[in-house]
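Visitor: UniProt numbering puts the first residue of the sequence shown at 1, with every later residue one more than the last.
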Amino acid sequence: MADSTAPSEPVQDRRTDLPTSAEETLHTGYVMDLVAESVDLGTGGEVRREFVRHPGAVAVVALDAQERVALLHQYRHPVRSSLWEVPAGLLDVPGEPLQAAAARELAEEADLRAGTWHTLVDFYTTPGGSDERIRIFLARDLTEVPEAERHDREAEEIGMELRWIPLADAVAAALAGRMHNPSTVTGVLAAHAAHADSWSALRPAEAPWTPPWHREER
Numbered sequence: 001m002a003d004s005t006a007p008s009e010p011v012q013d014r015r016t017d018l019p020t021s022a023e024e025t026l027h028t029g030y031v032m033d034l035v036a037e038s039v040d041l042g043t044g045g046e047v048r049r050e051f052v053r054h055p056g057a058v059a060v061v062a063l064d065a066q067e068r069v070a071l072l073h074q075y076r077h078p079v080r081s082s083l084w085e086v087p088a089g090l091l092d093v094p095g096e097p098l099q100a101a102a103a104r105e106l107a108e109e110a111d112l113r114a115g116t117w118h119t120l121v122d123f124y125t126t127p128g129g130s131d132e133r134i135r136i137f138l139a140r141d142l143t144e145v146p147e148a149e150r151h152d153r154e155a156e157e158i159g160m161e162l163r164w165i166p167l168a169d170a171v172a173a174a175l176a177g178r179m180h181n182p183s184t185v186t187g188v189l190a191a192h193a194a195h196a197d198s199w200s201a202l203r204p205a206e207a208p209w210t211p212p213w214h215r216e217e218r
């Protein structure tokens, strides 16, 4: 099969705004909505697509001086499982920058602050069924939040166990199928790859989402 990509052209996702019509909100939820849109695919005709509209989220691979990753053990009801996860949370504060949201979640969930921040990796969780995006940050130069300033946790966050796992062991757990949270698996594998490259490919914490997110204004 002929390669239609020019050798000099990088592999990169691109924003594509196809004409849509008949947008309908099928369900309005506490965090997420279920919507339906009719989209004109051009030669593929018009099709109806139902998907979850999501505010987006951030996650943090917090790496200490011994190259250990901070993991939290948290119950997730939809999958009826207690999962090992990196600190993460919703973009539910209007106008809050991504890195500020990540710092807030790191402090609230793991009682940690970081002196050094980088963008590690960006991804869509389920692009065929949701517009949820997640940015994973790498946080280093860690210190503990003073006990008097710590967040009062609630719901599933009460009693979460924090465990420090060597990065290599976290990678092994992901590859062996012993961890399943997407931010954790994606984050530890990305951190492992970045570390192997001496962190040279890390982007700044304020790096833009590319291509621009189609709901950036929300």
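Here a beta-carbon is modelled for each residue, glycine too, at the ideal position from N, C-alpha and C.
1. Specify, as a first and last residue, the run of the alpha helix (DSSP H) that ARG104 falls within.
2. Cutting at 7 angstroms between CB atoms, please list the residues of its own chain near VAL188, excluding the five before and the five after it.
3. I think VAL35 touches GLU24, with their Cβ atoms under 8 angstroms apart; what is that distance to the nearest whole Å?
4. Can you give me the start and stop residues for the alpha helix (DSSP H) that THR186 sits inside?
5. Can you tell me which of the three DSSP states PRO78 falls into?
6. From VAL86, TRP84 and ALA103, pick the residue whose C-alpha is nearest to that of VAL93; which is it?
7. Can you tell me where the beta strand (DSSP E) with LEU90 in it begins and where it stops?
8. Could you please give the first and the last residue of the uninterrupted beta strand (DSSP E) stretch that includes LEU138?
9. Among THR43, VAL52, HIS195 and LEU72, which residue has its Cα nearest to the Cα of THR180?
10. Give me the Cα-Cα distance between residue 223 and ALA190, rounded to the nearest whole angstrom.
11. When the Cα atoms are used, what is the spatial distance from ARG218 to GLU9?
12. Is PRO208 helix, strand or coil when you go by DSSP?
13. Please state if the CB of LEU162 and the CB of ALA139 are separated by a distance shorter than 9 angstroms.
14. Contact between the stretch 80 to 93 and the stretch 117 to 132 is defined here as three or more beta-carbon pairs at a separation below 8 angstroms; is this criterion met?
Guide: Considering the structure as presented:
1. To locate residue 104, count along the sequence shown from 1; it is residue 104. Residues 98 to 110.
2. Along the sequence shown, one-based indexing puts residue 188 at 188. Here the set comprises VAL61, VAL69, LEU167, ALA170, VAL171 and ALA174.
3. If you number the sequence shown from 1, residue 35 lands on position 35. If you number the sequence shown from 1, residue 24 lands on position 24. With 8 angstroms as the limit, VAL35 and GLU24 qualify as a contact, their Cβ atoms being about 7 angstroms apart.
4. Here the question's residue 186 lines up with position 186 in the sequence shown. 182 to 196 is the extent of the alpha helix (DSSP H) around THR186.
5. As a first step, residue 78 is located in the sequence shown; it is residue number 78 there, counting from the start. If DSSP states are grouped into helix, strand and coil, PRO78 belongs with the helices.
6. Taking the first residue of the sequence shown as position 1, residue 93 is located at position 93. Minimum Cα distance to VAL93 is reached at ALA103.
7. Sequence index remark: in the sequence shown, residue 90 carries index 90 (1-based). Where LEU90 is concerned, the enclosing beta strand (DSSP E) stretches over 88 to 90.
8. Your numbering for residue 138 matches position 138 in the sequence shown. 133 to 144 is the extent of the beta strand (DSSP E) around LEU138.
9. In the sequence shown, residue 180 corresponds to position 180, counting from 1. It is His, not Thr, that sits at residue 180 in the sequence shown. That would be LEU72, whose Cα lies nearest to the Cα of HIS180.
10. Within the shown structure, residues of the chain are numbered from 1 to 218, placing residue 223 beyond reach of any answer.
11. For the purposes of this step, residue 218 is identified with residue 218 of the sequence shown, where counting begins at 1. For the purposes of this step, residue 9 is identified with residue 9 of the sequence shown, where counting begins at 1. No answer about ARG218 holds up, because its pLDDT of 39 lies below 50 and its placement is not dependable.
12. By 1-based counting over the sequence shown, the position of residue 208 is 208. Coil at PRO208, not helix or strand.
13. As a first step, residue 139 is located in the sequence shown; it is residue number 139 there, counting from the start. As a first step, residue 162 is located in the sequence shown; it is residue number 162 there, counting from the start. The answer is no: Cβ separation not under 9 angstroms.
14. no
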